[in-house]
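Below is one structure, written out as structure tokens; the observations come after it.
Residue numbers (our numbering): 556 to 847.
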């Protein structure tokens with residue numbers, strides 16, 4: 556009987572590309588640079604990080620989304636979410652907003668500070684065809700609801716979504732039960748420390764390093780540098796070791812949908828016809844109306 560556990564290897568690296576979005580917010584985009592830079596069900600990952608207000612102050616004025624979920628994780632700073640449903644959310648240090656655009660939402664994300672550091676991430680996760688037109692919904696998750704687990708060899712893990720398996724115990728994040736079954740971890744490792752974590756073999760996974768660098772894989776490990784996303788091979792677990800200055804990185808995994816993806820800006824559907832309908836709905840004012 557073969558009891559060898561397969562460690563995932565680093566298959567592809569996508570370096571973060573400097574770009575801007577919204578009204579001129581400067582950021583780095585790894586996933587989502589182009590159609591070939593996706594990992595089902597993940598569509599896009601942006602990192603924003605600046606101490607210069609000129610890089611972020613214009614924010615993201617009112618804009619639409621349809622057909623997917625956005626996850627905004629704020630490391631430092633203060634952003635306010637407002638949408639057509641009348642929701643107002645304050646996203647501050649360590650907090651997360653998990654928004655399901657579904658049929659349609661029109662919202663803004665605007666900085667509530669005129670100086671200091673604004674730093675965090677926005678992740679786009681696809682929705683299955685059967686859920687793309689469900690009612691919009693969002694949830695603000697304060698830092699107090701995000702478990703922080705200490706690793707035995709040093710370091711810590713914030714569990715935003717899914718479940719961390721640690722020393723025979725399960726640490727459950729606040730987001731559970733979604734169709735894509737996402738795992739979202741924020742890992743901090745001191746120099747030379749390591750993380751070994753079992754993953755669902757059916758799920759796609761990637762790592763995004765935002766401080767330091769790491770070695771990925773248990774045999775013939777490969778280097779993944781800061782501001783880079785590393786797509787992982789199939790396997791049963793991940794093995795990640797921090798370099799000489801330590802590291803901070805995100806671990807993202809999810810159940811692939813294996814459905815066609817047609818994207819036009821903030822609309823992500825399955826066919827061109829559905830995209831055309833989204834544009835017509837938005838232009839005619841029917842975008843956020845409930846289906847009849």
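For every residue, glycine included, the Cβ atom is placed at its ideal position computed from N, Cα and C.
Contact between residue 680 and residue 737 holds: CB atoms are separated by about 6 angstroms, below the 8 angstroms threshold.
Comparing C-alpha distances from residue 615 to each of 658, 579, 565 and 774 shows the shortest one belongs to 579. Here the alpha carbon of residue 703 sits roughly 6 angstroms from the alpha carbon of residue 712.
Sequence-distant Cβ neighbours of residue 651 in its own chain, meaning closer than 6 angstroms and more than five residues away, are 628, 696 and 715. Residue ranges of uninterrupted beta strand (DSSP E) with 3 or more members, entirely inside the segment 650–738 and ordered along the chain, are 651–655, 660–666, 673–681, 692–696, 703–705, 711–716, 718–721 and 724–727. In the DSSP assignment, residue 834 is bridged to no other residue. Residue environment for residue 732: exposed (fewer than 16 other C-beta atoms within 10 angstroms of its C-beta). DSSP places residue 785 within a strand segment (E or B) once states are collapsed to three. Remark: C-beta atoms of residue 646 and residue 634 approach each other more closely than 8 angstroms. Separation of residue 611 and residue 824 (C-alpha to C-alpha, rounded to the nearest whole angstrom) is 29 angstroms. The C-beta of residue 722 has fewer than 16 other C-beta atoms within 10 Å across all chains shown, which makes the residue exposed.
The residue from 806, 777, 691 and 726 with its alpha-carbon nearest to that of residue 743 is 806. Within 10 angstroms of the beta-carbon of residue 794 lie 16 or more other beta-carbons, which makes it buried. Distance check between residue 595 and each of 814, 830 and 818 places 814 closest, using alpha-carbon atoms only.
Between residue 573 and residue 583, the gap from beta carbon to beta carbon is short of 8 angstroms. Here residue 757 has 810 as same chain residues with Cβ atoms under 7 angstroms from its own Cβ, once five neighbours each way along the sequence are excluded. Residue 747 is positioned such that its CB atom lies no closer than 8 angstroms to that of residue 769.
Note that the C-beta distance between residue 560 and residue 774 is not below 8 angstroms. In the DSSP assignment, residue 617 falls within the unbroken beta strand (DSSP E) covering 615–620. Secondary structure in the segment 579–607: the beta strand (DSSP E) runs of 3 residues or longer, each lying completely within the stretch, are 580–584 and 597–605 in chain order. Within its own chain, the residues whose Cβ lies closer than 6 angstroms to the Cβ of residue 569, once the five positions on either side in sequence are excluded, are 585, 592 and 784, listed in chain order.
The residue among 659, 699 and 698 with its C-alpha nearest the C-alpha of residue 686 is 659. Note on geometry: alpha-carbon atoms of residue 776 and residue 589 lie some 27 angstroms from one another. In the DSSP annotation of this structure, the continuous segment of the beta strand (DSSP E) that includes residue 574 starts and ends at 572–576.
In the DSSP secondary-structure assignment, residue 568 is bridged to 785. Put simply, the backbone Cα of residue 728 is about 32 angstroms away from that of residue 607. One alpha carbon belongs to residue 693, the other to residue 654, and they sit about 4 angstroms apart.
Counting along the chain, the unbroken beta strand (DSSP E) around residue 751 starts and ends at 749–753. In the structure shown, residue 775 falls within a coil segment according to DSSP collapsed to helix, strand and coil.
For residue 792, the enclosing beta strand (DSSP E) has its first and last residue at 792–809.
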